[in-house]
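Residue numbers (the UniProt record's numbering), protein chains in the order written: chain A, 1 to 420; chain B, 1 to 420.
All residues carry an ideal CB built from backbone N, CA and C; glycine is no exception.
As the structure is a prediction and not an experimental result, all values here were calculated from the model.
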Ligand SMILES: NC(=O)c1ccc[n+]([C@@H]2O[C@H](COP(=O)([O-])OP(=O)(O)OC[C@H]3O[C@@H](n4cnc5c(N)ncnc54)[C@H](O)[C@@H]3O)[C@@H](O)[C@H]2O)c1
Ligand SMILES: NC(=O)c1ccc[n+]([C@@H]2O[C@H](COP(=O)([O-])OP(=O)(O)OC[C@H]3O[C@@H](n4cnc5c(N)ncnc54)[C@H](O)[C@@H]3O)[C@@H](O)[C@H]2O)c1
Ligand SMILES: [Zn+2]
Ligand SMILES: [Zn+2]
């Protein structure tokens, strides 16, 4: 042991209180065909940084997207040449696999870091990430950790990316079998939502992103829910106009929430935007990620809506209206994994274990968002498991009921058709 | 190619402007023997988070420190048992090598992430990092990237850690042969400066941290420089009282700068606290890191002070006073690497290449801090290489001159001694 220092030397030293306040400003743009030569939006937004030109950029792109947009890399090369006074492509674009594969392979982070290093990207250069939410999360994490953060321009190419994950302040990859175990809070430099990308999405990915819009509408904006309800058929038919409006409003509500919640970097335990998400996260895991995030969120919303109804918070009419809207949008609201091991809440395959995991992920106290009415969420700090069991049964009944009705209406319409 | 979407759908969508403002508050505490059972500071600061107790903690500790504090891990175990109502040690402490070795091995980051995972640390639990600036940088990076940031309590055990690196908002590790290539901005939850740790530091590490105090005094606080000047002998003799005062004021000035500079996460191109650092970084590299950071900073300060003098910004008296103070503190102000390849500024072994690397690291325009007078820095955006060459020669002359004088004063004192 070391001889101890006379106490007088420190007793009179008051702690120093530090207060650091940081501001981030960025814009979310809306466009069509961002890499068409005559589309100046991207070049202009870089030109607008007020620094010496041309600026170095590197690009990370979703290989799943490239399958549908075979000319994209050529287009990007042409675009950067055309705007050579503003942009220089400082290294070959990196293609990364789309979907969770992007987030499950730590070597991809290293590969992006290598590109940033070899192409001399600095904190004032740009990494442009193009793809689904998963690719944006990966590229965002790599960008945020190189040089303590290089500028990130996100170009989300999925509905979820454009209305939710791509406009926010988070990134992440998976590790130790856990979703988003690694990640940071890091606002982007800018986001460019290019509607034209959405036309090639699979039906599942098209629909999946709509779940987040339903979620945010239910907890924040009754008019928006009404918009979704009246357009649910059009959205299912992949009407672009309806989708554009949905994305705009949904992105706006997410952005507003982040800006005004008072806790953009989620240092507290409350996360109202995670309505329906405790069950969703668990169901994704229980189904081995065969459910898309949005598909799981739709079920989570249906479950927490039913639970809110059983708690007497929303009316039977509201409950039915919400579930019917989800069904019309094309969501399946029941999977057998909802019922597994319910009597063993601690079991790793029990949905209820998801409550504990949700609390642990956020840290601190359990905080769930339920519905007070359509357009208004409410936070609670406990979960009544037996009532949740009832909610699961009721949800199952509802789904079977709808199924029966749709069969009988199909039958009766066939009958009436054959009669005419 | 995909059929293009009619333009009307997006033309009327205004960009959404996002503004996110985030606040971080933390305290820097001063104490002696933080893990003595009767020292409640650490337990109290965790108790004060207002959340359900006991809280999980994990510990990362500098192996170089443990060599001198063999009982530290036992002490920590006892401390956590004694305060079991507040703290639980959720996993065995990890020992990591001290110094740059901590930042050169990416496996150490993974090891810390593994500990965070296996011990169930969440965003509301604590990682306590104990050690020199390098270990704090490593542990801070690991903490900031797990669960998008777990709470970090830094216990710096070097002078540099306590007065500079440990109180700020940055972390980092080295990659691709570059210092701090990976890292984030992430304020700590709290910092505990325990003076008692400093007694076992090597003379070089004791002295090294003083360079940052000289730096911040010169650009911000003439009174503080005067304090250092008048205490330079005492500091060299390792007077704890003088050191405690130096650390307190230096930490305070660094904290104030971060809080009030308007750019705590360094998004612009200016970094006034990096006075003397462009040359320091390059000299560390050119000497293969045989120079400590602070030793290199002292040379960098001497060089930029000399350059400021040649530019006519400070007087001859000020110039001499600054260099003499550095020498009295024990710093060596000249190394041969200053002179290598000066006529080839682009050469990787030329000091002048350091100007370009400094600009690239910060991004944007070259921004150097010089001295306007003692206590006040001034930013410039160009460097006159031929004047810098003169500054290097003048610095060399000064050092040789001091050397000659100290030999002759030694001789004359020997003479006078032999005469008496
Ligand atoms: N960072 C956040 O705040 C946040 C928020 C919510 C979700 N997320 C994350 O987002 C991810 C899900 O993102 P997602 O729903 O966008 O799906 P995704 O990224 O998994 O992509 C789904 C599939 O679509 C392909 N694809 C992408 N764009 C396409 C296009 N235009 N046409 C055809 N195919 C295309 C991809 O290659 C992939 O195969 C999850 O990893 C989730 O954790 C992040
Ligand atoms: N994050 C920042 O803002 C920031 C700022 C400045 C410097 N830094 C970083 O800090 C690092 C240098 O830190 P440092 O000067 O503290 O040195 P260091 O961390 O390299 O430690 C020097 C040596 O002292 C040993 N040691 C630590 N505490 C001891 C003690 N009490 N007694 C005996 N030995 C002890 C260590 O094991 C090591 O061998 C560099 O990597 C630098 O990049 C970071
Ligand atoms: Zn979601
Ligand atoms: Zn320094």
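Closer than 8 Å to chain B by CB, residue i
| i | result |
| --- | --- |
| residue 123/A | yes |
| residue 410/A | no |
| residue 252/A | yes |
| residue 258/A | yes |
| residue 398/A | no |
| residue 169/A | yes |
| residue 48/A | no |
| residue 120/A | yes |
| residue 187/A | yes |
| residue 5/A | For residue 5/A, the predicted model reports a pLDDT of 41, less than 50, meaning its position is unreliable; a value from the coordinates is still stated below. Yes, residue 5/A counts as interfacial toward chain B. |
Interface residues of chain A facing residue i [CB-CB closer than 9 Å]
| i | result |
| --- | --- |
| residue 23/B | 19, 20, 21, 22 |
| residue 92/B | Residues of chain A passing the Cβ test: none, with the nearest at roughly 18 Å. |
Contact belief for residue i with residue j at Cβ below 8 Å, rounded distance in angstroms
| i | j | result |
| --- | --- | --- |
| residue 328/A | residue 266/A | About 33 Å; that fails the 8 Å criterion. |
| residue 126/A | residue 46/A | 6 Å |
| residue 221/B | residue 120/B | Not really, about 45 Å apart at Cβ, beyond 8 Å. |
| residue 192/A | residue 251/A | Not confirmed; about 12 Å, so no contact. |
| residue 385/B | residue 352/B | 6 Å |
| residue 296/B | residue 283/B | 4 Å |
| residue 36/A | residue 66/A | That pair is no contact at about 17 Å. |
| residue 294/A | residue 207/A | 7 Å |
| residue 391/A | residue 333/A | Actually they are not in contact, since the Cβ atoms of residue 391/A and residue 333/A sit about 12 Å apart, beyond 8 Å. |
| residue 337/B | residue 287/B | 6 Å |
Within-8 Å CB hit, residue i to chain A
| i | result |
| --- | --- |
| residue 148/B | yes |
| residue 86/B | no |
| residue 13/B | yes |
| residue 365/B | yes |
| residue 361/B | yes |
| residue 29/B | yes |
| residue 2/B | For residue 2/B, the predicted model reports a pLDDT of 39, less than 50, meaning its position is unreliable and no value from the coordinates is stated. |
| residue 9/B | Because residue 9/B sits at a pLDDT of 44, beneath the cut-off of 50, its placement in the model cannot be relied upon, and the following sentence gives the value as read from the coordinates. Output row for residue 9/B: interface = yes. |
| residue 172/B | yes |
| residue 26/B | yes |
| residue 402/B | no |
Interface partners of residue i on chain A, CB under 7 Å
| i | result |
| --- | --- |
| residue 40/B | Within chain A, no residue comes near residue 40/B; the closest Cβ sits about 14 Å away, beyond 7 Å. |
| residue 255/B | 16, 18 |
| residue 248/B | 13 |
Interface partners of residue i on chain B, CB under 9 Å
| i | result |
| --- | --- |
| residue 156/A | The premise fails here: residue 156/A is roughly 14 Å from chain B at the closest Cβ pair, so nothing lies under 9 Å. |
| residue 295/A | Those within 9 Å of residue 295/A in chain B number zero; the least Cβ separation is about 24 Å. |
| residue 113/A | 175, 176, 181, 182 |
Proximal residues of chain A, C-beta to C-beta of residue i below 8 Å
| i | result |
| --- | --- |
| residue 117/B | 175, 176, 178, 181 |
| residue 52/B | 364, 365 |
| residue 144/B | 184 |
Partner residues on chain B for residue i, Cβ-Cβ distance less than 7 Å
| i | result |
| --- | --- |
| residue 264/A | 20, 22 |
Any chain C beta carbon closer than 8 Å to residue i
| i | result |
| --- | --- |
| residue 327/B | The structure shown has no chain C; the protein chains it does contain are A and B. |
Every unbroken alpha helix (DSSP H) inside the region 345 to 385 of chain A [4 residues or more]: Counting only runs of 4 or more residues that sit fully inside the region 345 to 385 of chain A, the alpha helix (DSSP H) segments are 353 to 362, in chain order.
Any chance you could list the beta strand (DSSP E) runs of at least 3 consecutive residues sitting entirely within the region 143 to 177 of chain B, in chain order? 151 to 156, 173 to 175, all fully within the region 143 to 177 of chain B.
Can you give, in chain order, each stretch of the alpha helix (DSSP H) that sits fully within the UniProt domain "3-dehydroquinate synthase C-terminal" (209 to 334) of chain A and has at least 4 residues? As far as the UniProt domain "3-dehydroquinate synthase C-terminal" (209 to 334) of chain A is concerned, its whole alpha helix (DSSP H) runs of at least 4 residues are 222 to 230, 232 to 236, 240 to 260, 277 to 286, 293 to 310, 316 to 329.
At which residue ranges does the region 52 to 134 of chain B contain complete beta strand (DSSP E) runs of 3 or more residues, listed in the order of the chain? If only uninterrupted beta strand (DSSP E) runs of at least 3 residues are considered, those enclosed by the region 52 to 134 of chain B are 55 to 62, 87 to 89, 94 to 96, 126 to 131.
Complete runs of the beta strand (DSSP E) confined to the region 17 to 53 of chain A [at least 3 residues]: For secondary structure counted as the beta strand (DSSP E) over 3 or more consecutive residues, the region 17 to 53 of chain A holds no complete run.
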